[in-house]
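Reviewing the structure listed below.
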Amino acid sequence: MKSPLVVFDLDGTLIDTAPDLIASLNHTIASLDLAPVNYENLTHLVGHGAQAMIERACRLRGHPLESGDLPPLLQRFIAFYTDTMPGDSKPFPGILNAMDALKAAGFGLAVCTNKLEKLAVTLIERLNLTHYFDVITGGDTFTVRKPDAQHLIGTIERAGGTLSRTVMVGDSANDILVAHNAGVPSIAVPFGYSDVGVETLGPSRVIAHYDELTPDLVRGLLAA
Ligand SMILES: O=C(O)COP(=O)(O)O
Ligand SMILES: [Mg+2]
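Letter by letter, the sequence shown follows residues 15 to 238 of our numbering.
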């Protein structure tokens, strides 16, 4: 039987990236003379990748984008974010111990994020976390992204895992939805960037701290 696989979302789940996402977004929209956004705004903006984040921020600031506006803004975002990474971004409390314990128990670990793959890989590299993961897939790795089941299914395939032995961990609607769509159990964390309470998203479990993310919890969800 294949080892269990735990697939993590990135922004708001593995890593607290909010300060750098906000700074990069504000650097980007400043070029249009738009007022900055804050953490409260971010929960409505993040989760669908950089393009959607920029489009939503511009709309929020009363400047809906026209076709052709986006590419230079996206380049500006990517350049600034790449230059500043890892910035103030850091792994959430307890996640490294939890991943160490999962790996020691023989579990595979993977990342399935709607962040652009290159940005996700670079951030994880600069935080020296690359060795934890069998695979990192982003919002542009496949032709579809979360909440489309194929993003998670493709991630599991690349990690050498199997659908019936996988649990998804995330902070937002797209993570719980992608797990539901792929038919795998999900664990929600309440400290990320969801604009609604994560318990309302229908996860299999909510954990308040990564101390709770043990091999036994994952085995229990897989057995249920
Ligand atoms: O960057 C985003 O918009 C989403 O990132 P996430 O899927 O890792 O939460
Ligand atoms: Mg997230």
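Using N, Cα and C, we set each Cβ at its ideal position, and we do this for glycine too.
Would you say the beta carbon of residue i is closer than 7 Å to some non-hydrogen atom of ligand 1?
i	result
S186	yes
T127	yes
H194	no
G168	no
V60	yes
G63	yes
Out of curiosity, what's the CA-to-CA distance linking residue i and residue j?
i	j	result
L28	F106	6 Å
V181	V20	5 Å
V198	I170	11 Å
R179	Y207	27 Å
K16	G82	47 Å
L116	L141	19 Å
When you compare each of the options to residue i by their alpha carbons, which one comes out closest?
i	options	result
V13	L116, D148, N142 and N111	Examination of residue 13 is not possible in this model, given that the chain is present from 15 through 238 alone.
V192	G216, E69, R172 and G206	G216
Q89	T57, L48, I43 and H77	I43
T96	K129, D83, G76 and V232	K129
D230	F22, P86, H41 and A119	A119
For the beta strand (DSSP E) that contains residue i, what are its first and last residues?
i	result
A222	From DSSP, A222 is part of no beta strand (DSSP E); its letter is neither H nor E.
M182	T180 to G184
At a cut-off of 7 Å, would you count residue i as near ligand 2, judging by its Cβ distance to the nearest heavy atom?
i	result
D23	yes
T151	no
D162	no
T155	no
T180	no
T57	no
Could you please give the first and the last residue of the uninterrupted alpha helix (DSSP H) stretch that includes residue i?
i	result
T169	A163 to R172
L84	L84 to T98
G61	Looking at the DSSP string, G61 is not in any alpha helix (DSSP H), and its letter there is neither H nor E.
At a Cβ threshold of 8 Å, is residue i touching chain C?
i	result
A44	Included in the structure is just one protein chain, with no chain C present.
### Query
Contact between the segment 98-112 and the segment 33-45: three or more CB pairs below 8 Å?
yes
### Message
With three or more beta-carbon pairs closer than 8 Å as the criterion, would you say the segment 110-128 touches the segment 44-52?
### Response
no
### Task
Would you be able to state if there are at least three C-beta pairs under 8 Å between the segment 162-169 and the segment 63-73?
no
### Task
Please confirm if the segment 50-61 is in contact with the segment 132-142, defined as three or more CB-CB distances below 8 Å between the two stretches.
no
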